[in-house]
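What follows is a set of notes on a single structure, which appears directly below.
2 protein chains.
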Amino acid sequence: MNETEIAERMKHLEGWSRDDETIVKTYRFANYHETMAFVNATAWISHRADHHPDLTVGYNQCTVAYTTHSAGGLSRKDFDCAAKVDALFAS
Amino acid sequence: MNETEIAERMKHLEGWSRDDETIVKTYRFANYHETMAFVNATAWISHRADHHPDLTVGYNQCTVAYTTHSAGGLSRKDFDCAAKVDALFAS
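Chains as they are written, first to last, in this note's numbering: chain A, 7 to 97; chain B, 7 to 97.
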């Protein structure tokens with residue numbers, strides 16, 4: 007993806023920030039059970055999409071970071087999956 | 007815990023390293039399913055002990071980091087839980 011495409015896709019994501027070749031968002035939860043349920047649902051989506059984010063899991067928050075190692079940077083898959091995780095969180 | 011106690015407990019842990027007020031270990035797995043099963047088993051232990059590590063989850067690895075926020079540093083609970091996660095991994 008070129009910078010123009012990346013900027014365009016970023017516009018359509020809420021709460022995600024770009025850190026070089028990675029896009030990142032932190033989700034917050036009421037308790038550990040909610041956090042872990044989210045982690046597992048995100049893992050399921052990752053499995054289905056065959057695209058695995060880095061997850062940083064604390065007691066009541068989870069940071070999701072997408073990049074495409076095989077592309078050496080951001081790809082459409084990162085933005086598609088970010089939107090799926092947002093939809094999951096909002097559901 | 008004082009430095010002598012910490013050093014003593016570190017001796018009995020394999021593969022853990024100390025990073026200031028945190029102890030850290032990275033576990034590696036054959037695939038994403040194994041990784042996620044480990045994450046969930048570790049979450050269960052964390053729930054039972056009421057002591058929650060930070061987990062950094064990738065495709066085939068998980069880094070576990072323990073500290074005791076309420077104690078402002080390392081506590082016996084960190085070392086007890088680290089040993090439990092090691093036992094889980096070895097089981």
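Ideal Cβ positions, reconstructed from N, Cα and C, are used throughout, including at glycine. Since this is a predicted model, take the numbers as computed values, not measurements.
- Residue nearest to F35/B within the set A55/B, T74/B and N66/B is N66/B (criterion: CA-CA distance).
- Under the Cβ criterion (8 Å, minimum of three pairs), the stretch 61 to 79 of chain B counts as touching the stretch 19 to 36 of chain B.
- Within its own chain, the residues whose Cβ lies closer than 8 Å to the Cβ of A89/B, once the five positions on either side in sequence are excluded, are H18 and L19, listed in chain order.
- Straight-line measurement puts the Cα of D60/B at about 34 Å from the Cα of N8/A.
- In this structure, V63/A keeps its C-beta atom at 8 Å or more from the C-beta atom of V91/A.
- In the DSSP assignment, D60/A falls outside any alpha helix (DSSP H) and within the unbroken beta strand (DSSP E) covering D60 to V63.
- A Cβ-Cβ separation of about 6 Å places H53/B in contact with Y38/A under the 8 Å criterion.
- When 7 Å is used as the limit between beta carbons, L61/A is near these residues of chain B: V63, in chain order.
- Between W22/A and I12/A the beta-carbon gap is near 11 Å, outside 8 Å, which marks them as no contact.
- DSSP places A96/A in the helix class (H, G or I) of the three-state scheme.
- Contact between L94/A and T41/A fails: their C-beta atoms lie close to 13 Å from each other, not under 8 Å.
- About 4 Å separates the CB atoms of R15/A and F85/A; that is less than 8 Å, so the two are in contact.
- A49/B has a beta carbon lying within less than 8 Å of a beta carbon in chain A.
- Look at the stretch 18 to 48 of chain B: the residues with a C-beta under 9 Å from a C-beta of chain A are Y38, H39, T41, M42, V45 and N46.
- Looking from the CA of S97/A, the closest CA among S76/A, A77/A and A43/A belongs to A43/A.
- Inter-residue distance for T74/A and D56/A is about 11 Å (C-alpha atoms, whole angstroms).
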